[in-house]
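> Here it is, the structure in full.
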Amino acid sequence: MADTEVDEQTGDGTARASRQDARDERRAARLAKQIGAFARRHGGAAEGQLAYLGQAGTRIVLVAQDGDWGDLLAPSHDVALKAVEKSGITVHETFDGEFAAKVRTGPYEWTRMAGIQVGGPANP
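The sequence shown begins at 58 in this note's numbering and counts up by one.
Pasting the structure below:
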């Protein structure tokens, strides 16, 4: 009887893991679809960088061909990796150098980020 209980527990754990894997695949597919839509809206191509946030997940920072940028949050680093692989974008190790130079900022970013720190106008 004890052997049967162990087998059932193992089967349960396997089923739970496969459900989690399926859920992660759906999340990655959904994120890949959003990455593709972002790229199409902004010139057809995008590049990215993954920023691990700990238990909160992983931030996928996107920079489009036209310089617009945005981000998405994946529940885990593995899901983020799967999403960028499915989307086919170029992924950079760090957000510096030539990659960072591609970002185009507008008035909102200047007043929100730098403006607050240097006494600039407040955002409406």
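Built from N, CA and C at the ideal position, the CB exists for glycine as well.
#1: Would you please state the rounded distance, in angstroms, between the beta carbons of A140 and L88? I believe it to be under 8 Å.
#2: If I'm right that H134 touches Y109 with Cβ under 8 Å, what's the distance once you round it to whole angstroms?
#3: Please classify I146: does DSSP put it in a helix, a strand, or coil?
#4: I need the DSSP call for V63, collapsed to helix, strand or coil.
#5: Please state whether the Cβ-Cβ distance between Q106 and T151 is less than 8 Å.
#6: Between the segment 117–131 and the segment 82–102, do at least 3 Cβ pairs fall closer than 8 Å?
#7: Report the rounded CA-to-CA distance for T162 versus G127, giving the unit in angstroms.
#8: What is the rounded straight-line gap between the Cα of E65 and the Cα of D81?
Short version:
#1: Here residue 140 is taken as the residue at index 83 of the sequence shown, counted from 1. Here residue 88 is taken as the residue at index 31 of the sequence shown, counted from 1. Yes, A140 and L88 are in contact; Cβ-Cβ is about 4 Å, under 8 Å.
#2: Counting from 1 along the sequence shown, the entry for residue 134 is found at position 77. Counting from 1 along the sequence shown, the entry for residue 109 is found at position 52. Contact holds; Cβ gap of about 6 Å.
#3: Position 89 of the sequence shown, counted from the first residue, corresponds to residue 146. In the structure shown, I146 adopts coil according to DSSP, grouped into three states.
#4: Residue mapping note: residue 63 aligns to position 6 of the sequence shown, counting from 1. Note that V63 scores a pLDDT of 39, beneath 50, so its modelled location is shaky; the value from the coordinates is reported in the next line. Note: V63 maps to helix in three-state DSSP.
#5: Your numbering for residue 106 matches position 49 in the sequence shown. Your numbering for residue 151 matches position 94 in the sequence shown. A Cβ-Cβ contact shorter than 8 Å links Q106 with T151.
#6: Judged by pairs of C-beta atoms under 8 Å, the segment 117–131 touches the segment 82–102, as three or more such pairs exist.
#7: Counting from 1 along the sequence shown, the entry for residue 162 is found at position 105. Counting from 1 along the sequence shown, the entry for residue 127 is found at position 70. Between the alpha carbons of T162 and G127 lies a gap of roughly 11 Å.
#8: As a first step, residue 65 must be located in the sequence shown, where it is residue number 8. As a first step, residue 81 must be located in the sequence shown, where it is residue number 24. Because E65 carries a pLDDT of 48, less than 50, the predicted location of this residue cannot be relied on, and the following value inherits that uncertainty. When only Cα atoms are considered, E65 and D81 end up about 24 Å apart.
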